[in-house]
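K.L.:
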Amino acid sequence: MRISRFERRGTGMHFEWQDSPAASWLSRNARKVRRSRSSLRLSNCIHPPEKRNATVIRGNMDAESGWEPRRGAFRVPKALAEGGGDSMSVEENLRVIEAAQKALNDRDLDRFETLHLNSVVQRDPQNPQGIKGPKAIRASLTPFLKAFPDIRLVTETQFGAGDWVTQLGHMRGTNTGPLEMPGGPTIPATNKSVRMPVALIAKLEGGKFAEINLYFDQAGLMTQLGLTPQGPPQRKP
306 MRISRFERRG TGMHFEWQDS PAASWLSRNA RKVRRSRSSL RLSNCIHPPE
356 KRNATVIRGN MDAESGWEPR RGAFRVPKAL AEGGGDSMSV EENLRVIEAA
406 QKALNDRDLD RFETLHLNSV VQRDPQNPQG IKGPKAIRAS LTPFLKAFPD
456 IRLVTETQFG AGDWVTQLGH MRGTNTGPLE MPGGPTIPAT NKSVRMPVAL
506 IAKLEGGKFA EINLYFDQAG LMTQLGLTPQ GPPQRKP
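Residue numbers (our numbering): 306 to 542.
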């Protein structure tokens, strides 16, 4: 979350912020914001009531270099502005992965990208060494989306604990585009429909993905497409 502006209006206070799960919570609990000398203390505003470690936002004296404050404007600390910082609730984290799934299903890849920290790492069967950064993760999805233009993610169950969430579901779609194999040839469209189980285990920080572990049945996908190499014919008894 990033609060982009703050103004004193009479005896009240006026905030402007960018949309995020944390900002939504702040909007619902704005009356709890109280002023304390040279700083503003958000007492249980960004986080649910059970989290008693209030977040302190300093005033202009702590503004980042190169930023020109106006009329009492201030910024949230950098870690929180980038999606890091204190933990969100499990419910809020589950809403983030639901938003990511919706963005993929809607092909809103710009929105999908914004739900990841710049330092995010994703590991999957094709990339066990890890893909680093939102743009690289987006680029890794592009060939698959071209091969399966109608692919959709379906959630069957999801749960979480602390900063970690798990989502179990499946992908379904039809291979109507060329399939680019990592380090291999491009396979022409098979026009076959597939249904592939998918599991996601992810860590979130401040409402954004920090670590992603993605699991899917790659061999099963190739079998459904009719691309599994045939073994030698068996001898008849």
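Glycine included, every Cβ here is placed at the ideal spot set by N, Cα and C.
For Glu461, count neighbouring C-beta atoms within 10 Å of its own C-beta (all shown protein chains included) and say buried if the count is 16 or more, exposed if not.
P.N.:
Flag for Glu461 reads exposed.
K.L.:
Nearest-angstrom Cα distance between Lys383 and Leu509?
P.N.:
Its pLDDT being 38, under 50, Lys383 is placed unreliably by the model, and nothing is read from it.
K.L.:
What's the C-alpha gap between Met476 and Asp455?
P.N.:
Those two C-alpha atoms are separated by around 10 Å.
K.L.:
Round the Cβ separation of Val395 and Leu420 to the nearest angstrom and send it over; I've been treating them as touching at under 8 Å.
P.N.:
Going by Cβ atoms, the distance from Val395 to Leu420 rounds to 17 Å, so no, they are not a contact pair.
K.L.:
Using three-state DSSP, classify Lys521 as helix, strand or coil.
P.N.:
One point to set straight first is that residue 521 is Phe, not Lys, in the sequence displayed. The answer is strand: DSSP assigns Phe521 an E or B state.
K.L.:
Look at the alpha carbon of Glu516 and the alpha carbon of Ser424, and state the distance between them as a whole number of angstroms.
P.N.:
Rounded to the nearest angstrom, the two C-alpha atoms are 9 Å apart.
K.L.:
Asn398: buried (16+ other C-beta within 10 angstroms of its C-beta) or exposed?
P.N.:
With 16 or more other Cβ atoms within 10 Å, it is buried.
K.L.:
At which residues does the beta strand (DSSP E) containing Asp429 begin and terminate?
P.N.:
421–429 is the extent of the beta strand (DSSP E) around Asp429.
K.L.:
Whole angstroms is fine: what's the gap from Ser498's alpha carbon to Gln529's?
P.N.:
Using only the alpha carbons, I get a separation of about 8 Å.
K.L.:
Just to confirm, is the Cβ distance from Thr471 to Ile442 under 8 Å?
P.N.:
Taking 8 Å as the Cβ cut-off, Thr471 and Ile442 do not qualify as a contacting pair.
K.L.:
What does a CB cutoff of less than 7 Å around Asp522 pick up in its chain, not counting 5 residues either side in sequence?
P.N.:
Cβ neighbours of Asp522 beyond the five flanking positions: Met501, Pro502.
K.L.:
Per DSSP, what kind of secondary structure is Pro439 in: helix, strand or coil?
P.N.:
Note: Pro439 maps to helix in three-state DSSP.
K.L.:
Among Asp415, Leu422, Arg412, Leu532, which residue has its Cα nearest to the Cα of Asn480?
P.N.:
For the residues Asp415, Leu422, Arg412, Leu532, the minimum Cα distance to Asn480 belongs to Leu532.
K.L.:
Just verifying my parser: in three-state terms, what is the DSSP assignment at Gly389?
P.N.:
With a pLDDT of 46 at Gly389, under the threshold of 50, the modelled position of this residue cannot be trusted, and the question is left open.
K.L.:
In its own chain, which residues sit with a C-beta less than 6 Å from the C-beta of Pro433, not counting the 5 before and 5 after it?
P.N.:
Here the set comprises nothing.
K.L.:
CA-CA distance, Ala404 and Phe417?
P.N.:
Computed Cα separation, rounded: 8 Å.
K.L.:
Would you please state the rounded distance, in angstroms, between the beta carbons of Pro483 and Ala466? I believe it to be under 8 Å.
P.N.:
Not really, about 41 Å apart at Cβ, beyond 8 Å.
K.L.:
Is it buried or exposed, Lys513, if we count other Cβ atoms within 10 angstroms and call 16 or more buried?
P.N.:
It is buried - the Cβ of Lys513 has at least 16 other Cβ atoms within 10 Å.
K.L.:
Determine the direct distance from the alpha carbon of Thr447 to that of Asn496, and round the result to whole angstroms.
P.N.:
Rounded to whole angstroms, Asn496 to Thr447 spans 18 Å at the Cα level.
K.L.:
Taking the alpha carbon of Ser487 as the reference point, which residue from Ala408, Pro430, Asp413 has its own alpha carbon closest?
P.N.:
Residue identity differs from the one stated: residue 487 is Pro in this sequence, not Ser. Of the listed residues, the one whose Cα sits closest to Pro487 is Pro430.
K.L.:
Measuring straight from C-alpha to C-alpha, what distance separates Ala444 and Gly478?
P.N.:
About 20 Å.
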